Structure formats: structure tokens, C-alpha cells
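Residue numbers (this note's numbering): 31 to 182. Have a look at the structure below before the remarks.
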């Protein structure tokens, strides 16, 4: 399943922004204010198409009841989009609003496609490898990895 916010009216986006978690706010603002597209893709093998008419931010939600990795998504759709991406953010821990904001700013200012993968630590390396395999060679990859808390 996927949801797109692209083309939603200003009132709908204002309402979504007022209820959105902090880390989603930069993405919704980029749709409302900067003409970016936003698609959120949940686990499932349903085909999704990301238009090429504007820079897109695609959020891959692999952090449901279980993280299942790239194989839990429509393979061709995912590969097609990754081939266009200039930046990938893999979030394997708590969503850090600053990282979402920086990724979104790149889409808005540099007019480049961005993918944000929300997953769990056990799938992080698999996602990074998948991105490296299917995105352009010079794609930027940022990681938000939880740090184990231990005793010093």
C-alpha cells in the first residue's frame, strides 16, 4: 500500500502538519511550500509509481510489526525509484527530526529525489546494500543507527 500527499490542497496539508509527528513536518512542508512530491510506501508487493514531474521524497516503511527488508516491497517499483535517487537516509532507530529535515531540504533546494527507509537495526545493512546496488554510484547514504547503551 502507498499513500501520496502530492497535490493535496493547502488546507489538507495544513491539517496534516498540525497533527504530524515532528519528523514528518519537514516533508509535509516541502510538499506544501516547495513543490516536492511525497509518497509513503508500506510493506507489501503492490506496484507503486513515482512520477518524474518534480523532486520526490519517498518514505519506505519497513518498520511495521517486523522489519522484512527490501524483499517485502514491489521489487521493480523500488529499483526504478532508487535509480533516480541522489540521497538515501536509512533510519534504523528513533526518527531524528533533524535528519528528516536535512534530507527533505536536499529534495527541495537541489530538486533531487530522496528515499528515506524506516527500518530496524537488524535490516539496516541489507537496506544499505540494496541501495548501493540499485541507486547511482554517487548516491549519498546517511544512516541513523541506534547506539547500544552499555556500561563503561
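Ideal Cβ placement from N, Cα and C applies to all residues, glycine included. For clarity, every value in this text was computed on a predicted model and none was experimentally measured.
CA-to-CA distance, residue j to residue i, given in whole angstroms
| i | j | result |
| --- | --- | --- |
| residue 59 | residue 156 | 30 Å |
| residue 161 | residue 87 | 15 Å |
| residue 175 | residue 121 | 6 Å |
| residue 256 | residue 97 | This structure gives no information on residue 256, because the portion of the chain shown stretches from 31 to 182. |
| residue 129 | residue 119 | 8 Å |
Option in the options with minimal Cα separation from residue i
| i | options | result |
| --- | --- | --- |
| residue 133 | 48, 76 and 146 | 146 |
| residue 142 | 82, 72, 167 and 53 | 82 |
| residue 40 | 139, 136, 159 and 62 | 62 |
| residue 66 | 73, 74, 49 and 43 | 43 |
| residue 163 | 115, 69 and 124 | 115 |
Beta-carbon gap between residue i and residue j smaller than 8 Å
| i | j | result |
| --- | --- | --- |
| residue 64 | residue 153 | no |
| residue 167 | residue 52 | no |
| residue 71 | residue 103 | yes |
| residue 46 | residue 112 | no |
| residue 89 | residue 148 | yes |
| residue 56 | residue 131 | yes |
- Item | Every unbroken beta strand (DSSP E) within the region 43-95, with a cutoff of 3 residues, ordered by chain | 67-72 and 86-91
- Message: As an exercise, report each continuous alpha helix (DSSP H) stretch of at least 4 residues that is fully enclosed by the region 86-168, in chain order.
- Response: Runs of the alpha helix (DSSP H) inside the region 86-168: 105-112, 127-140 and 154-164.
- Item | Cβ contact (3+ pairs, closer than 8 Å) linking the region 104-124 and the region 69-78 | yes
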